[in-house]
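Remarks on the structure that follows.
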Amino acid sequence: MNIFPVIMAGGNGSRLWPLSRVLYPKQFLRLEGDYTMLQETVRRLDGLSCSAPLVICNEEHRFLVAEQLRAIDQLAGNIILEPVGRNTAPAIALAAMTALAKGDDALLLVLAADHVIRSPQAFVAAVEAARPHAEAGKLVTFGIVATAPETGYGYIRRGAPQADSGYAVAQFVEKPNLETARHYLECGEYYWNSGMFLFRASRYLQELQCFRPDIHAACAQALGNPSSDMDFIRVDKEAFLACPDDSIDYAVMEKTRDAVVVPLDAGWSDVGSWSSLWEISPKADDGNVQQGDVLYHASRNNYVYAESALVSLVGVEDLVVVQTKDATLVARRDQVQEVKKIVDQLKQQGRAEHHVHREVFRPWGKYDAIDKGHRFQVKHISVKPGEKLSLQMHHHRAEHWIVVSGTARVTCGDQITLVTENQSVYIPLGAKHALENPGKVALELIEVQSGPYLGEDDIIRFEDRYGRT
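Per UniProt numbering, the very first residue in the sequence shown carries number 1; after that it's consecutive.
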């Protein structure tokens with residue numbers, strides 16, 4: 001039976017702030033190595049015989065997902081867009097219904113896009129061990145073999161052994177206190193709840209129809225007349241807005257009589273905090289973990305991430321230091337769960353640092369807001385070969401574009417002009433304009449905006465190849 005991977009890439013996690021932001025959360029980050037967490041999740045499937053993955057994400061992240069899948073040759077009209085988050089039970093229902101609509105009652109392998117697994121071979125072995133149970137109609141969840149009395153995870157208590165491998169699920173339990181977690185670890189009957197699953201598409205929908213017919217009906221209506229837009233599958237917004245919010249655990253897994261847990265011992269982590277990232281990362285002899293340009297003296301057991309500047313540590317221990325272009329975090333490793341309190345303060349103060357990075361990615365490329373002051377803003381804009389920004393206008397700002405490298409095709413009013421290296425062009429306030437890279441190398445330019453209001457919402461789009469009008 002074919003395995004149909006389903007990767008859930010929603011969520012706007014803040015526990016890895018300032019690197020993780022609402023518009024660029026951790027599943028799209030490259031925390032180490034050459035690939036992002038989403039890309040690593042896809043690459044982990046190489047050891048399995050399976051179809052191309054179906055990725056479920058929200059509207060705001062659609063171009064990030066598409067670009068990251070394209071970069072590893074896995075983009076094939078395989079992205080479902082949720083108009084609003086409704087938790088995991090509806091998301092998986094959309095995937096199951098999509099598989100069945102293709103005439104394939106496949107085994108859905110449900111994965112999160114933001115997990116780390118150090119041993120892909122052990123992961124593949126666990127999936128293969130789970131396959132016979134799923135083919136027989138069981139709903140399999142993967143229980144992580146606990147290595148510590150973790151209070152930040154839910155647990156699964158195993159029941160009677162099953163044929164070949166795995167156990168019946170005796171109980172799902174909530175996050176315990178430390179004493180209870182120690183008992184779970186000592187008795188050996190409890191696993192961390194990974195949130196990963198394997199089951200037939202039809203069996204999941206049967207159980208969902210039994211226990212949560214309201215979710216089943218809403219998802220069926222939302223997918224009743226799906227539309228395709230570039231690489232995206234769009235569901236009916238109003239129908240999905242009416243769908244109840246519930247997790248697969250509460251909606252199905254805690255109620256079904258056919259739940260099976262298969263142990264997974266593969267170096268798993270949900271990277272739920274900076275301290276957990278330090279724990280799973282390779283360390284120097286002094287216990288330090290570093291990314292970027294970092295210098296140490298008499299410092300031990302620190303995690304340091306330097307995005308764009310030199311970070312130096314002298315005489316400190318057990319710290320997390322994260323430097324980005326617009327924010328820096330310094331915290332004790334045993335206090336990093338409190339990072340969310342800083343994020344809450346940013347929200348309360350109406351600041352942008354929790355929401356978006358200084359460097360912002362767009363389907364055509366990216367821009368970096370390198371300077372800003374009274375009535376002006378300066379951006380470094382990079383446009384990919386063959387891409388084009390929308391035909392647009394602004395009510396409150398004029399723009400000056402200076403080409404640093406490459407060639408720009410500039411539309412301004414009724415005129416179309418080629419602007420090359422060391423040349424510039426002026427876009428008056430209120431003029432319809434567009435920027436395109438007709439070449440085969442990246443177009444790099446500096447944009448200087450001037451005017452009384454410089455917000456990103458002062459954009460009126462008339463034409464856009466990315467469907468943003």
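We treat Cβ as the ideally placed atom computed from N, Cα and C, and that holds for glycine.
Contact under 8 Å by Cβ, residue i with residue j
i    : j    : result
G365 : K384 : yes
I3   : A130 : no
A331 : L313 : no
E307 : Q290 : no
Y167 : P161 : yes
L205 : A125 : no
D270 : A122 : no
T207 : L139 : Just to set this straight, residue 207 is Glu in the shown sequence, not Thr. Closer than 8 Å, so yes.
P363 : F63  : yes
V410 : V419 : yes
P132 : A181 : no
E353 : K325 : no
I72  : I56  : no
V261 : V169 : yes
M230 : D114 : no
G137 : D258 : yes
I92  : I248 : yes
Which listed residue (the options) has its alpha carbon closest to that of residue i
i    : options                : result
E436 : A160, A408, E338       : A408
V252 : I280, V304, F197, K283 : F197
H297 : V311, S308, G315, A284 : G315
G467 : D73, R157, S228        : S228
W278 : E317, D258, T256       : E317
D214 : G195, I459, D246       : D246
L178 : V336, A163, Y153       : Y153
K372 : N288, V311, N301, L454 : L454
A218 : V169, R86, H396, R15   : R86
L185 : R158, Y24, R203        : R158
G195 : L111, V311, Q171       : L111
F361 : G350, Q349, R351, K379 : K379
The ligand ZN heavy atom lying under 7 Å from the CB of residue i
i   : result
E67 : As presented, the structure is devoid of all ligands, the ligand ZN included, so that no description of it is given.
According to DSSP, residues forming a beta bridge with residue i
i    : result
H380 : D368, I446
E317 : R300
G103 : Looking at the DSSP assignment, G103 forms no beta bridge with any residue, so it has no partner.
K388 : E436
N58  : E82
I416 : T411
E463 : L391
S227 : R234
P263 : G143
W192 : I144, Y155
G373 : F376
S312 : L295
F197 : V110, T141
H400 : Y426, V448
Integer Cβ distance of residue i from residue j, believed to fall under 8 Å
i    : j    : result
F240 : A222 : 4 Å
L445 : I402 : 6 Å
V336 : W274 : 4 Å
E32  : S281 : 7 Å
A134 : F199 : 5 Å
E60  : P83  : Incorrect: roughly 11 Å between the Cβ atoms, too far for contact.
R300 : G287 : 5 Å
Would you call the stretch 1-8 and the stretch 336-344 in contact, with 3 or more CB pairs under 8 Å? no
Closer than 8 Å is the cut-off here; do at least three beta carbon pairs connect the stretch 140-150 with the stretch 230-247? no
Are at least three pairs of beta-carbons, each pair with one atom in the stretch 48-56 and one in the stretch 12-22, less than 8 Å apart? no
Please confirm if the stretch 389-399 is in contact with the stretch 457-465, defined as three or more CB-CB distances below 8 Å between the two stretches. yes
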